[in-house]
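Below you'll find the structure, written out as structure tokens, and then a few comments.
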Amino acid sequence: MDGGTGSRFSVRQVMESRRRSSFMADVPENGVLETSMSADPEQPTPAQMGPRRSLVHMTREALPRMANYRNLRSFRAAQRPTLGELHEGVKEAKEEDTGVVQGGGGHHFKLGWIQGVLIPVLLNIWGVMLFLRLSWVVAQAGIIMSLVIIGISAAVCVITTLSLSAISTNGEVKGGGIYYMISRCLGPEFGASVGIVFAFANAVAASMNTIGFCDSLNDLLKSHDLKIIDGGINDVRIIGMVALVIMIIICAVGMDWEVKAQNVLVVIISGAIVDFIVGTLRGPESDEEVAKGFPGLSVDLFTKNLGTDYRFSEGVNQDFFSVFAIYFPSVTGIQAGANISGDLKDPASAIPKGTLLAVAISMFSYGLFVLLAGGGAMRDASGVIGDIANGTVADCMGRHCNYGLQNSYSVMQLMSVWGPFIYAGCFAATLSTALTNLLSVPRLVRALGYDKIYPGFIFFSKGYTKKDEPFRGYVLTFFISGAFLLIAELNVIAPLISNFYLASYALINFCTFHAAFVKPIGWRPTFRFYNKWLSLLGFVACVSIMFLISWVTSLITYVIILALYLIVVYRKPDVNWGSSTEAQTYSTTLNSVYLLDQTNEHVKNYRPQILLLSGNPTSRPAIMQLASQITKNHSLLVCGKISEQELNYSQRSGCIKEAQKFLQANKIRAFFKLVDGLKFEQGVRGLLQAAGFGKLRPNLLLLGFKNEWLLAPNKELHEYFTVLHEAFDFRMGLAILRVRGGLDYSKFTESGEAASNSHLEAKVKSLARVASDTFINLSGVEPGVQAQPNYVTDSTKAVERTPQEILSKKKKKASTPERNLFSSAQGNPLSHDIMQRVAIFDSPPRNRTIDVWWLYDDGGLTLLLPYILTTRANWSGCRLRIFALVNKKDEFEVEERNMASLLSKFRIDYSSLTMINNISDRPHPSTVMQFDEIIKPFRERPGAADEDVIKASELVSLQYKTERQLRLRELLLQHSKDANLIVMTMPMPRKGVVSAPLYMSWLEILTRDMPPFLLVRGNQTSVLSFYA
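Each residue of the sequence shown is one higher than the one before, starting from 22 at the first, in the working numbering.
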């Protein structure tokens, strides 16, 4: 490249050059290989090397090109270097695009805006109503109200066209038409449901236009005294099925054949329109035409036909909205160009230009037809030439008239220069509209199949030949259209189509309004002539017209759309199209968080927002279950993992994706946070400080009990103990869970990928130490076997009473527990024994109990957490047994009543209340011996650091507190050995008073060989209130 000139490269050249340069050494941005400079000092400098190579050989940077911004699965897509490749020189796996590539229309014949949009839209609007029903509309509604009907229809069409133009110019439009636009704007839920309704409406519209063709053909045959069977419905069915087969074949042959057919048809229709206009202006040529209701244009006739004359017709007492319902399908062709958007050269430019021009031309032609028909034809005519002389042609009192605007659908043939030309125009209009509808339905079905929104459409989306024609989709379209064609009644089908099209138009307008209102960054349509409030007006107008036409049909339509919507919501397809609903979710969430942050906290709105030190969530399903059951869908759950090794981007993102995949697969609503490159203690502190934002911050730290603390290095023991202090330093609640056998089941539940990275996990000291890796059996009792106490206690000192004995309370009904969510890495069910331990909180046994030892007033968190569990399906109906301490033995009954009254005011349902009045008794010698065995490795010894041992002075100063823990163990074995979960107030690890080994010994003696045990300590702030 010369210094003063720039050269452009095609995408293909750039990609080829990159491919060649990938075999070379890493070339710095100055274009000179450092290795060659150091190897040969005599090598010429860049200035001596002559003309430089092209820029693509001199840098790894990619120039701005369209290919870099295409969908990664597109065949024309290119990939720019990743940040890791540029910054670190490390090749990274490319991010996978979650969007689904549309098949478009195949890489074949592409259409311009005239043939692809203008002509199809004109042919759709110039359909069956123009030649067969417009004269009847004038007869019923009169000239003024007919123009109002056309005006309302035109307004809806124009507003919808403006909205459609805005959507279609907001990015590259692929195949799928209306479905593609709505789904990419409002999301797959709205897009898919409306897409199916719209495809169905097009298929039914094809049958309606085919029926119109058959009716016109029957009239022509009748004028020559010809018929097939009965000259009525059966003839319509026979002719219609034959015509439908021929049109399906024409569409299946390919777009180019259908376009050629359209070009011929539009010429015929234009000729028929001119034929009618010239004939009307010329006037009648015979008395027969006058007798049949065509006296020619006159002011008097025009004045007579200005007003309405609604009559009983087509089995219905007609009114404005019933006439409107029959007419409206005539203007439902504005989407014809958008339906084949994948076959357009430039959809963003063609759709607005072609659609708006077609709407203007067609609405003008409809208005002109109304004026000519109303000013030149009578509502009723006898058809008797002799009535002309006495002026009774229009007098149909006492007799039935078969001619005139009210009685004959062939008035336009009568008023034209050459009647057969009108028949030809009617044939062309009906068949061209049917062709366009039949062409669009398979493409909508193909788009739905490509996106895999509804599995049933995948079969019909398969393309054949180089043109990717969806032949199976054509077969499906044939059966749907054929079924409705057998109805053979045009006026029966028209209102149904009106509702489907109006529903689609309503959603198109709502899409534009929603996107313009939310204003996501990606909303940048090049079409500027739209207004969000006008789109909202169009939405309201479409919905209102639907219900005014037929509220029953409208309700059925919206129920169908809702059902299809809920199916997509239930299936949750793995697609991400950047819809405005996602932008709305973000905006609403952000505003809600801001609003929440400005709201003062109140005890009645307290929610336990948990920071769970989970490590890899797949490794510790039990603690994940418990945390999820506490938070469920009502509060925040953040799962944290700490890696002391600094991870690169690929390792970090892989770990996060694996965790998120597990959470989503098991329907656990939680966020996953990874901290790497910090020591365990620092990492926890970082999570405590940075997890969440505003009021959405954890207020409770939950972690697993460190089962291996007796064998762990002193450094790890102190780190664990420091974490407990850190939680209290941040004024957070604290909870520690211990279960038999430990919490870590990674060897059963981790994926093969995680197992293959075991060498990395050996270096990365994550939160495996926080929870239990292995069960340390120090009592000589096998895991799962209940240890039996070797002492006798005085059970008379603890009195257990039901709430009915103290205060009348009611129990809650049990419900079916949730199904188990965990399986092995290969997806196979775990063995029964392992499953019982892994899913210990997922399917608790029947007649389950939660024992709550509310020893000290920590603000009520010890009581609140088990109560929350009883509201979950897994624990619903379980018995909640409360244990509390008596302050003074001589006030036992008073304190019992006070506690029962407090629980009643808190509205906590419980099955029994036990007051413990012998907590101050000396523990049994066997319990003391067991505790001495635990602390033996930590007693003072020469050369040991002070923080690593339990000093004799500490044991003396904390003797009473230690004996209290030992006594609590005895009481636990007496009362709670058969409980399914024990929740107890955690002893406070007073800073600078109790050492790490002694405190962990307290927890060990309390929880060893016990049922699942949850130690809880609130932050001394009330979380329960009895005020309204």
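We put the CB at the ideal spot given by N, CA and C, even for glycine.
On a predicted model such as this, the values are computed, not experimentally measured, just so you know.
Where residue i falls, given that 16 or more other Cβ within 10 Å makes a residue buried
i	result
D896	The question names Asp, but residue 896 is Trp in the sequence shown. Buried, by the Cβ-count rule.
A504	exposed
K700	exposed
S156	buried
M950	exposed
Q161	buried
I146	buried
R464	buried
M166	buried
W875	buried
D256	buried
S319	exposed
Own chain residues within Cβ distance below 6 Å of residue i, not counting five before or after
i	result
P350	A515, I518 and S519
P1008	W1023
F742	A1017
G314	A398, M399, A402, Y424 and G425
F345	I170
I1053	The structure shown has nothing for residue 1053, since the chain only spans 22 to 1049.
Straight-line Cα distance separating residue j from residue i
i	j	result
V705	I663	7 Å
G470	M436	49 Å
G440	I199	38 Å
E603	N230	39 Å
G354	I382	13 Å
P719	M645	16 Å
Y579	E335	26 Å
S997	M936	14 Å
G216	P594	16 Å
R673	L695	8 Å
G375	I508	34 Å
K926	D878	16 Å
F726	E954	19 Å
G388	F152	13 Å
C660	A686	15 Å
Sequence-distant residues of its chain with Cβ nearer than 8 Å to residue i (five each side left out)
i	result
N654	R690
V466	A220, F478, F481, S482, P491, G494, L497 and T498
K243	G252
G163	N326, L327, G328, T329, D330 and G395
Three-state class that DSSP yields for residue i in the structure shown
i	result
I861	coil
K688	coil
Y485	strand
I518	helix
V873	strand
K694	strand
T413	coil
I677	helix
F959	helix
A1000	coil
I232	helix
T329	coil
Close beta carbons around residue i, own chain, < 7 Å, minus the five adjacent residues each side
i	result
D308	I406 and I409
K131	D364, L365 and K366
A643	V760, L764, V859, I861 and F862
L207	C532, H535, S600, S601 and T602
R962	V970
Where the beta strand (DSSP E) through residue i begins and ends
i	result
M150	Note, M150: premise wrong, no beta strand (DSSP E); alpha helix (DSSP H) at V149 to L153.
A905	R900 to L906
F1034	F1034 to R1038
C660	L658 to S664
R759	G754 to R759
M936	S933 to I937
G725	L721 to G725
Delimiting residues of the alpha helix (DSSP H) encompassing residue i
i	result
I203	G198 to L207
L587	W572 to R592
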